[in-house]
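Asks:
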Amino acid sequence: MSAHRFAGRKIFVFCACCSKACYECLLNFHNQREHEKLDRNLVLPVLRKLEKVEITKRVSQSSGNRLDELLKKCESEFERSVLLKMVDAKLPLPDEAQYIVYDGDRRVAKPDFFYRSRNIAVFVDGPPHDKDYKMKDDEQKRNELRKLGYRVFAISYNDVDGGISRLKGAVGR
């Protein structure tokens, strides 16, 4: 039993100075208006159930395999970490990683992630994308994708959560 569990149990189960609540277990200055309603015995069954709770993260076998495939295609540790944050944010998995978009026979861009059914290209931009020549190249490719009808999202290293939030608004769940 962890120290936290034991401390909680000690307060609620072994408090010998009262039958319902006292300043050793539940009562304090801030809840004085509720003192007559507080009863430690009412919470004990719930605490006993909570002691037995186990939390596990589950990924379905099919999405687990697809996630593994996408992770293998990532070209940097930063891309992998962004993909895992997308999973944690409960975004649907992208259909592709490192997908090359063509206009006829001409290569236009290679988004890091791609949602085929939503026509969404996702670029994961680390610090190298802050360089002037790279920013210009990125903007040119992304504008061309927009002209071709793609929706373009960039997730930057300096605002990963904001980028994922914007993407979540587009792909939803």
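Heads up: the sequence shown begins at 1177 in my numbering, then just goes up one per residue. Where is the CB? At the ideal position from N, CA and C, for every residue including glycine. Please read all numbers here as calculations on a predicted model, not as lab measurements.
Which parts of the segment 1226-1306 are runs of the alpha helix (DSSP H), unbroken and 4 residues or longer, counting only runs that do not cross its ends?
Replies: You should have 1237-1249 and 1253-1264.
Asks: Return the residue from the list Gly1325, Lys1266, Ile1331 and Gly1348 that minimises the CA-CA distance to Asp1279.
Replies: Looking at the Cα atoms, Gly1325 is the closest of the given residues.
Asks: How is the alpha helix (DSSP H) around Ala1197 delimited, first residue to last?
Replies: That residue, Ala1197, is in no alpha helix (DSSP H); it is neither H nor E in DSSP.
Asks: For Glu1200, I'd like the list of residues in its chain whose CB is within less than 7 Å of its CB, leaving aside the five on either flank, ordered along the chain.
Replies: Same-chain partners within the cutoff: Cys1191 and Cys1193.
Asks: Taking the alpha carbon of Arg1301 as the reference point, which residue from Arg1294, Arg1282, Asn1295 and Lys1310 has its own alpha carbon closest?
Replies: What sits at residue 1301 in the sequence shown is Asp, not Arg. When each option's Cα is compared against that of Asp1301, the closest is Lys1310.
Asks: Looking at the unbroken beta strand (DSSP E) that takes in Arg1327, where does it start and where does it end?
Replies: Residues Arg1327 to Ser1332.
Asks: DSSP on Asp1335, reduced to helix/strand/coil?
Replies: Three-state DSSP puts Asp1335 in coil, outside helix and strand.
Asks: Among Gln1316, Asn1204, Asn1207 and Val1229, whose alpha-carbon lies nearest the alpha-carbon of Arg1283?
Replies: Per the Cα distances, Gln1316.
Asks: Count the other CB atoms, across all protein chains shown, that sit within 10 Å of the CB of Val1229; report buried if there are 16 or more and exposed otherwise.
Replies: It is exposed - the Cβ of Val1229 has fewer than 16 other Cβ atoms within 10 Å.
Asks: Count the other C-beta atoms from every protein chain shown that fall within 10 angstroms of the C-beta of Ala1273, then say buried if there are 16 or more, exposed otherwise.
Replies: Label assigned to Ala1273: buried.
Asks: Return the Cβ separation of Leu1223 and Leu1214 in integer angstroms, given the expectation that the two are a contact with Cβ distance under 8 Å.
Replies: Rounded, the Cβ-Cβ distance is 15 Å, inconsistent with contact.
Asks: If you check the beta carbons only, do Leu1260 and Leu1269 fall under 9 Å apart?
Replies: No.
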